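The next block holds one structure in the form of structure tokens; read it before the comments.
2 protein chains.
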Amino acid sequence: MKHAHRSGCPINLTLEALGDRWSLIVIRDLMFGNRRRFRELLTRSEERIASNILADRLARLEKAGLISRRDDPGHKQKIIYSLTEASIALVPLLAHMGGWGLRHTPASKELSVRAKILEDGGPPLWSEFMEELRHLHLGAPAPAESVFARLQSAYEAALAEPATASPNG
Amino acid sequence: MKHAHRSGCPINLTLEALGDRWSLIVIRDLMFGNRRRFRELLTRSEERIASNILADRLARLEKAGLISRRDDPGHKQKIIYSLTEASIALVPLLAHMGGWGLRHTPASKELSVRAKILEDGGPPLWSEFMEELRHLHLGAPAPAESVFARLQSAYEAALAEPATASPNG
DNA sequence: CTCCATGCTTGCAATTTGCAACCGGTTGAG
DNA sequence: CTCAACCGGTTGCAAATTGCAAGCATGGAG
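For the record, the sequence lines run as chains W and Y.
Its first residue numbered 7, the first sequence is counted upward by one per residue in this note's numbering.
Its first residue numbered 7, the second sequence is counted upward by one per residue in this note's numbering.
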């Protein structure tokens, strides 16, 4: 073990777990992008994470209890990554990050749509979404409605809009 | 300029601005620790940031519009760092980080007290605190009550408690 | 048996971090 | 006035981390 914690401050400890440029990107893709396998996480997001860094982050996040790995039954080579209760608990945090980002950074309109829905929905929508993630990732019973589908379709609708150009890929 | 943004996703852009191990520590100390000068930020927090890294982060945060620098009138050598509206807008995010940290990391009891108050207070308390930060950092009119003092005294009370040992300095 | 996709690993260069010492100017005490 | 302490940083350097490109053993499809 390299070193102990820098301090017992909860903000610091959260930063020690998640404070880098990639960890939350991986969690974001698992959470909102429905990417559950290595190759999907590697190639299907715009930020183009390198494979060694993705491997490192997946290992670290698993050790920290923020994701879990399991074999894909019937496909011995494939592995399925899932969120855990701890990372599902990050939904409000990511919602706030999205909200802050769309107000204080040059976020693209298309990708902001989902952030806006999540922010406007507030805690009730977050809970609903978290329940849905528990279903998708932890095998909990299925909730009634799909926030996930709603986010997805809003994004696609934004993409299809004619007049607005995308500042970023 | 080295490179453009990795993507227009608001979460990614927030991460590009704040996603490292030190930026939010600096903002945390400005926000909750009332540390407004270089030496205070350097020596008075437990995480012991190195001076070159602190200098780098202060410069980057200033360029990003998250803090501002000004000379201390009457003390030619001293400089006062302040939060901006953009970083004051991070109060809910930091509150959530603290809340997540105290539930999912081995946070020390004493340092968790403030996180707990902030979390329990919710959006109304955050707004009150933000108004207070606008007063302290932006020169806005003074609000009625001091959340800051309340956080501080709760922390000191927790420190004074006899029975609980601190897991971390 | 061939061929492609799987989740990674390896080698290497470039950047970032962390540590410790140091620096010129300023201040306040004596 | 003198001088030590303090101010916001720099500088040099080693170690760790990141980013890029290529490669690798295995599994399954055809």
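Just so it is clear, CB atoms sit at the ideal spot from N, CA and C, and this is done for glycine as well.
Predicted model only: the values in this text are computed from it and were never measured.
Going by other Cβ atoms of all chains shown within 10 Å of its Cβ, with 16 needed for buried, is residue i buried or exposed?
i	result
Y/R5	This structure cannot speak to residue 5 of chain Y, because chain Y is shown only from 7 to 175.
Y/E162	exposed
Y/R34	buried
W/N58	exposed
W/G71	exposed
Y/S118	buried
Y/G104	buried
W/A56	exposed
Y/T20	buried
W/H9	exposed
W/G80	exposed
Y/A113	buried
Y/G175	With a pLDDT of 33 at Y/G175, under the threshold of 50, the modelled position of that residue is not reliable, and no figure is offered here.
State the CB to CB distance for the pair residue i and residue j, rounded to an integer number of angstroms; the pair is presumed to be in contact (CB under 8 Å).
i	j	result
W/P16	Y/G107	3 Å
Y/A23	W/T111	6 Å
Y/R27	W/E53	Contact doesn't hold; Cβ gap of about 19 Å is too wide.
W/F38	W/L157	7 Å
Y/V97	Y/L67	With 8 Å as the limit, Y/V97 and Y/L67 do not qualify as a contact, their Cβ atoms being about 16 Å apart.
Y/L36	Y/L100	Going by Cβ atoms, the distance from Y/L36 to Y/L100 rounds to 11 Å, so no, they are not a contact pair.
Y/M136	Y/I94	5 Å
Y/G25	W/G25	7 Å
W/L165	W/E116	5 Å
W/R120	W/A160	6 Å
Please check if any C-beta of chain Y sits within less than 8 Å of the C-beta of residue i.
i	result
W/N18	yes
W/S172	Residue placement at W/S172 is poorly supported in this model, since its pLDDT is 44, which falls under 50; the coordinates are not used for a value here.
W/G39	no
W/E53	yes
W/L100	yes
W/M103	yes
W/W106	yes
W/L30	yes
W/D26	yes
W/A166	no
W/L117	yes
W/A92	yes
W/S148	According to the sequence provided, residue 148 of chain W is Ala. The question's Ser does not apply to it. No, no contact with chain Y.
Any idea what DSSP makes of residue i, helix, strand or coil?
i	result
Y/S74	strand
Y/I86	strand
W/H9	coil
Y/H81	coil
W/T111	coil
W/G127	helix
Y/W28	coil
W/P1	In the structure as shown, chain W starts at 7 and stops at 175, and residue 1 of chain W therefore has no counterpart that could be examined.
W/E134	helix
Y/L100	helix
W/I55	coil
W/G105	helix
W/N18	helix
W/R50	coil
Y/E167	coil
Y/R42	coil
Y/S159	helix
Y/A95	coil
Y/S152	coil
Does the CB of residue i have a neighbour CB from chain W at under 8 Å?
i	result
Y/P112	yes
Y/A23	yes
Y/L36	no
Y/S13	yes
Y/A121	yes
Y/L96	yes
For residue i, verify whether its CB is less than 7 Å away from any heavy atom of the ligand GTP.
i	result
W/N40	By its list of ligands, the structure shown contains no ligand whatsoever, and the ligand GTP lies outside what it can speak to.
Quick check: the region 25-43 of chain Y against the region 81-92 of chain Y, are at least 3 beta-carbon pairs closer than 8 Å? yes
Can you confirm whether the region 136-144 of chain W touches the region 135-148 of chain Y when touching is taken to mean that 3 or more C-beta pairs between the two stretches lie within less than 8 Å? no
Under 8 Å, with one C-beta from each stretch per pair, do the region 55-72 of chain W and the region 111-128 of chain W reach the 3-pair mark? no
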